[in-house]
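Undergrad:
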Amino acid sequence: MNSEATTAWSRSVFNVHGMHCSNCARSVERAVRQLDGVRQFSLNPATAVAAIDWDPRKLSLTRIYNAIRTAGFRAVPLEGEQAEADARAERRAALKRIGVAGLGMMQTMMLIYALYAGGAHGVDAQIAQYLRLSGMLLATPVLFYSGLPFLTSAVRDLRQRRLGMDVPVSVALLLAYCASVVNTLTGSGAVYYDSVTMFVFLLSVGRFAEMVVRQRSVSSREAFTRSVPSTAIRIIPTGGTERVSVASLLAGDIVSVARGAVVPVDGELRSGRAWIDESLVTGESVPVLKDQGAKVFGGSVNTQHPIEVTCSAPADQSAIAGIAALLQRAVAQRPRTLAVADRVSSQFSFVTLALSGAVALYWLWADPSNAMPATLAVLVVTCPCALSLAVPTTFSAATSRLARAGLLVVKADSLERLAKVDTVILDKTGTLTEGRPVVLVEQVREGLSAERALSIAAALERTSDHPLSEGFAPFADPGIVAERVVEQPGEGLEGCVAGELWRLGRPEFVLRVPDAGPTGGDSPLVLGRAGREVARFRVQQNLSVTARDAVNALRRLGLRVAIVSGDSEQAVGQVAGMLGVTEHYARVDYSRKPEIVRQLQAAGANVLMVGDGINDGPALASANVSCAMAQGSAMAQCTADLLLMPASLAALGRGITLARQAGRVTRQNLAWAFLYNVTAVPLAAAGYIAPWVAALGMSLSSLAVVMNAARLTAERPTRLVEDVA
Amino acid sequence: MTIVFLLIPLAFVLVLGSAAALIWAVDSGQYDGDLDESSRIALEQDEERPPPAA
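Residue numbers (numbering that gives the first Met the number 0), protein chains in the order written: chain A, 0 to 724; chain B, 0 to 53.
Have a look at this one:
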């Protein structure tokens, strides 16, 4: 027996606090992977979010949290009040440390520069000693309060026998401080309290900027779940209402949604017609008129009068909860580029310490008076902050910006692949077309009424995720139920109604013939039994309002655009003509879609596949990058690298532009960090850079990297507007 | 020059006062930008009020 198949794995996504670099992430990973029962664990140092699958029979979440705490870090919930409180506490602690370091730095510099001036122009020995002691008094709280996170992180690293980024930082700080204290107590020699305080202050500011970018990135994803209220008004069957937790709602419960309130879970509209704003779930900016019995999504807003909604699923199974879960796991994945940068920066700490040792030995031999400042300058100037920040900050900023535009990154490394895309294949139904399709009865045979035919079709379509199924929803008859319904992707549906086996779908599927020949019209659907046609429907679809803009934006980016669909040549040609797309593939079933993708790839194309249905799953899996519509089938969403809000189709072009820009920013950041280190290290080793100048240079280089990445989060980056306009 | 023996302790007092004021301001939430949970609950309840009669 395969134990994998029988084990019910528990899953959890959480934040890890106290991480500052990739070495920290490795420590957490090592601590968790040592536990028996862990199936999969991923931790992204850029977002500090971890995802874990474990066997609940062998392990509990408390033990996992304890293992992380033993390694020196803290696991906290990803969202909710506790997570918000933790994030707030982290921000407050950082602000206080920066404030104390800033005040201490200003005072220390004032005193120590007076000492420098005294050295040049002469100063009373008593006053010089007084200034040294004052500097020590100021630098001590700065180092041991504001600089405490660096020191504790370094101690933790050394205990675990690894060289994290904070080890050289702490060595530099303690070396400078201890040498200064010794010189203060002996009343002779140089003191470096100004360098210590400035290093702590600037490093703390850099860490704060990094923390803000990280928290903003996580919060943009949380916005989806936060938009759903925590409580709902449930209508008691015996009369009256009660306020209950949304988590306690079950399928069949009826909730009342006031005007302007958010629909708490997925369900069906029970009362009258209503205008529903589904912008959060579907991206559609204009409210949609829903009829009685229509589906409403959790997270959408009731814009007009109070309504009643019958819950169709518990809150944790609603569409928005599914999207949020996918996103949470995406945040925990580590992109490939980040792994490369991690390896480089982890080696860098060792090289820094070795180089500083070599510089100290050289200056002790050549000129002992210059040994301490030169060694300190090398340690400080080579702090691998800029290098380790280069990739994670860019990734966080880009994914956060994309989420706001309506394109959600589900798999972490998809951003790198999206930047390389040169061909886009768009599925027609549900991707380029939208809204509830209109079903017209063309023909009815064997004495069946049109109403009865529509009701049977509606019963068969009831469980389907296909966009066409919505067109039959208004004809559903509670008295007609389809059983054992099986969906053949790209073909149709088969199920039993009143003891008879019915089929609904493409003519060749229903009539059980190899090819029914050209059918003409838009999208003919046939209802039949025992291989005989009983009714023929015509389904009319509307082009998505954003489709034309989206296709134009893609073409302006120089991308090859193609449409692929299982529909007739005429239906696909009509949509392609409206969009000005010359390359289109009609009557392509689910097995041929991946073939087309592979053919294009064989010709050297980097393919982005955009689809929504079950039949798009194989093609999505074959493409270099895949994008599913957020309201499409669960299978498409699970396969896809990206999720796209339907009315945000135009965001596709913007997403590709932003992915390309993120690649450019990453390269710029890495090049800048490399250039800075290569230039500054020889100067510091040669004794041309004072420790405080090194502290300033290192911090400014880190800030430059963070600010460069933060450009991607700007609401309207200039280059994006130029590219898409 | 003996004035520095008075000015530096005075500067220390000012720094301590400034640090204490900053810590108090941060702890009392004056630097928190986002809405806290209590504000969110208040806004949710506002949304559930019945619309004014036409």
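Beta carbons: idealized from backbone N, C-alpha and C, even for Gly. Small disclaimer: the values here were computed from a predicted structure and weren't measured.
Could you give the distance in angstroms between the alpha-carbon of residue 547 of chain A and the alpha-carbon of residue 578 of chain A?
TA: Locating residue 547 of chain A in the first sequence gives position 548, where the first residue counts as 1. Locating residue 578 of chain A in the first sequence gives position 579, where the first residue counts as 1. So the two alpha carbons sit approximately 6 Å from each other.
Undergrad: Can you name the start and end residues of the alpha helix (DSSP H) that residue 415 of chain A belongs to?
TA: As a first step, residue 415 of chain A must be located in the first sequence, where it is residue number 416. Taken as a continuous stretch (DSSP letters only), the alpha helix (DSSP H) holding residue 415 of chain A covers 413-418.
Undergrad: Could you run through the segment 299-311 of chain A and flag, in chain order, every residue whose CB is less than 8 Å away from some CB of chain B?
TA: If the cut-off is 8 Å between Cβ atoms, the segment 299-311 of chain A has 304 and 305 near chain B.
Undergrad: Quick one: give me the first and last residue of the beta strand (DSSP E) that residue 230 of chain A is part of.
TA: Locating residue 230 of chain A in the first sequence gives position 231, where the first residue counts as 1. Per DSSP, residue 230 of chain A belongs to the beta strand (DSSP E) from 230-234.
Undergrad: Look at the alpha carbon of residue 246 of chain A and the alpha carbon of residue 49 of chain A, and state the distance between them as a whole number of angstroms.
TA: Looking up residue 246 of chain A in the first sequence gives position 247. Looking up residue 49 of chain A in the first sequence gives position 50. Their backbone Cα atoms lie some 24 Å apart in a straight line.
Undergrad: Since residue 233 of chain A meets chain B, which of its residues come closer than 8 Å, beta carbon to beta carbon?
TA: Numbered from its first residue, the first sequence carries residue 233 of chain A at position 234. By Cβ distance, chain B contributes nothing, its closest Cβ being about 13 Å from residue 233 of chain A, past 8 Å.
Undergrad: Going by Cα to Cα distance, which pick from A:705, A:528, A:314 and A:591 is closest to residue 617 of chain A?
TA: Walking along the first sequence from the start, residue 617 of chain A turns up at place 618. Measuring from the Cα of residue 617 of chain A, the nearest candidate turns out to be A:591.
Undergrad: Let me see if you follow: with CB-CB separation under 8 Å, is residue 21 of chain B close to chain A or not?
TA: Working through the second sequence from its first residue, we reach residue 21 of chain B at position 22. Yes, its Cβ sits closer than 8 Å to a Cβ of chain A.
Undergrad: For a cutoff of 8 Å on Cβ pairs, would you count residue 106 of chain A as touching chain B?
TA: Residue numbering aside, residue 106 of chain A sits at position 107 when the first sequence is read from its first letter. Residue 106 of chain A counts as touching chain B.
Undergrad: Helix, strand or coil for residue 126 of chain A? Go by DSSP, reduced to three states.
TA: Against the first sequence, residue 126 of chain A aligns to sequence position 127. Residue 126 of chain A: helix per DSSP, three-state reduction.
Undergrad: Measure from the C-beta of residue 98 of chain A to each C-beta in chain B and report whether the shortest distance is under 8 Å.
TA: As a position in the first sequence, residue 98 of chain A is number 99, starting the count at 1. So, interface residue.
Undergrad: Distance, Cα to Cα, residue 424 of chain A vs residue 402 of chain A?
TA: Here residue 424 of chain A refers to the residue found at position 425 when the first sequence is read from its first residue. Here residue 402 of chain A refers to the residue found at position 403 when the first sequence is read from its first residue. Whole-angstrom Cα-Cα distance: 22 Å.
Undergrad: So, is the C-beta of residue 10 of chain B closer than 8 Å to a C-beta in chain A?
TA: Here residue 10 of chain B refers to the residue found at position 11 when the second sequence is read from its first residue. Cβ-Cβ to chain A under 8 Å: yes for residue 10 of chain B.
Undergrad: Does residue 177 of chain A pass the burial test, meaning 16 or more other C-beta atoms within 10 Å, or should it be called exposed?
TA: Within the first sequence, numbered from 1, the residue matching residue 177 of chain A stands at position 178. Burial call: exposed.
Undergrad: Which whole-angstrom value describes the C-beta separation of residue 642 of chain A and residue 288 of chain A, a residue pair presumed to lie in contact below a C-beta threshold of 8 Å?
TA: As a working mapping, residue 642 of chain A is identified with position 643 in the first sequence. As a working mapping, residue 288 of chain A is identified with position 289 in the first sequence. Not confirmed; about 26 Å, so no contact.
Undergrad: Taking just the CA atoms, how far does residue 611 of chain A sit from residue 377 of chain A?
TA: Within the first sequence, residue 377 of chain A is the residue found at index 378, counting from 1. Within the first sequence, residue 611 of chain A is the residue found at index 612, counting from 1. Whole-angstrom Cα-Cα distance: 55 Å.
Undergrad: Tell me where the beta strand (DSSP E) around residue 561 of chain A begins and ends.
TA: Locating residue 561 of chain A in the first sequence gives position 562, where the first residue counts as 1. That run of the beta strand (DSSP E) goes 559-563.
Undergrad: Helix, strand or coil for residue 30 of chain B? Go by DSSP, reduced to three states.
TA: Here residue 30 of chain B corresponds to residue number 31 of the second sequence, with the count starting at 1. Correct three-state label for residue 30 of chain B: coil.
Undergrad: Among A:167, A:422, A:122 and A:205, which has the Cα closest to the Cα of residue 554 of chain A?
TA: As a first step, residue 554 of chain A is located in the first sequence; it is residue number 555 there, counting from the start. Selected option, being the one with the closest Cα: A:422.
Undergrad: Out of A:310, A:418 and A:164, point me to the one whose CA is closest to residue 607 of chain A's CA.
TA: Along the first sequence, one-based indexing puts residue 607 of chain A at 608. The option with the nearest alpha carbon to residue 607 of chain A is A:418.
Undergrad: Anything in chain A within Cβ reach of residue 68 of chain B, meaning under 8 Å, just list it in chain order.
TA: Shown here, chain B extends from 0 to 53; a query on residue 68 of chain B therefore has no answer.
Undergrad: Would DSSP call residue 57 of chain A helix, strand or coil?
TA: Indexing the first sequence from 1 puts residue 57 of chain A at position 58. Note: residue 57 of chain A maps to coil in three-state DSSP.
Undergrad: How would you list, in chain order, the residues of chain B whose beta-carbon sits under 8 Å from the beta-carbon of residue 91 of chain A?
TA: By one-based count along the first sequence, residue 91 of chain A stands at place 92. Simply 25, 26, 30 and 31.
Undergrad: If you measure from the beta carbon of residue 126 of chain A to each beta carbon in chain B, is any gap under 8 Å?
TA: For the purposes of this step, residue 126 of chain A is identified with residue 127 of the first sequence, where counting begins at 1. Yes, because at least one Cβ of chain B sits closer than 8 Å to the Cβ of residue 126 of chain A.
Undergrad: Taking 8 Å as the CB-CB limit, is residue 94 of chain A close to chain B?
TA: Residue 94 of chain A sits at position 95 when you count from the first residue of the first sequence. It does; some Cβ of chain B falls within 8 Å.
Undergrad: Report yes or no: do the segment 102-115 of chain A and the segment 188-201 of chain A share at least 3 C-beta pairs separated by less than 8 Å?
TA: Yes, they touch.
Undergrad: How big is the Cα-Cα spacing for residue 609 of chain A and residue 143 of chain A?
TA: Mapped onto the first sequence, residue 609 of chain A falls at position 610. Mapped onto the first sequence, residue 143 of chain A falls at position 144. If you take the alpha carbons of residue 609 of chain A and residue 143 of chain A, they lie about 54 Å apart.
Undergrad: Can a CB atom of chain B be found closer than 8 Å to the CB of residue 102 of chain A?
TA: Start at 1 with the first residue of the first sequence, and residue 102 of chain A comes out as number 103. By this cut-off, residue 102 of chain A is an interface position.
Undergrad: Please report the Cβ distance between residue 537 of chain A and residue 460 of chain A, rounded to the nearest whole angstrom; I am assuming they are in contact, meaning their Cβ atoms lie under 8 Å.
TA: One-based indexing of the first sequence puts residue 537 of chain A at position 538. One-based indexing of the first sequence puts residue 460 of chain A at position 461. Wrong, their Cβ atoms sit about 15 Å apart, outside the cutoff.
Undergrad: My output table needs one value for residue 301 of chain A: the three-state DSSP class, helix, strand or coil.
TA: Here residue 301 of chain A refers to the residue found at position 302 when the first sequence is read from its first residue. Three-state result, residue 301 of chain A: strand.
Undergrad: At 3 residues or longer, what runs of the beta strand (DSSP E) sit wholly inside the segment 433-506 of chain A?
TA: You should have 481-487, 491-496 and 499-504.
Undergrad: Who does residue 274 of chain A pair with in a DSSP beta bridge?
TA: Reading the first sequence from its first residue, position 275 is the one you call residue 274 of chain A. In the DSSP output, where bridge partners are listed per residue, residue 274 of chain A has A:288.
Undergrad: If you scan the segment 133-214 of chain A from start to end, which runs of the alpha helix (DSSP H) of 4 or more residues do you find wholly inside it?
TA: Listed in chain order, the complete alpha helix (DSSP H) runs (minimum 4 residues) inside the segment 133-214 of chain A are 147-158 and 165-185.
Undergrad: For residue 557 of chain A and residue 91 of chain A, I'd like the C-alpha separation in whole angstroms.
TA: In the first sequence, residue 557 of chain A corresponds to position 558, counting from 1. In the first sequence, residue 91 of chain A corresponds to position 92, counting from 1. Using only the alpha carbons, I get a separation of about 47 Å.
Undergrad: Interface residues of chain B around residue 87 of chain A at Cβ under 7 Å?
TA: Within the first sequence, numbered from 1, the residue matching residue 87 of chain A stands at position 88. Within 7 Å Cβ-Cβ: 31.
Undergrad: Just mark residue 541 of chain A as buried or exposed, buried being the case when its beta carbon has 16 or more other beta carbons within 10 Å.
TA: Counting from one through the first sequence, the residue named residue 541 of chain A turns up at place 542. It is exposed - the Cβ of residue 541 of chain A has fewer than 16 other Cβ atoms within 10 Å.
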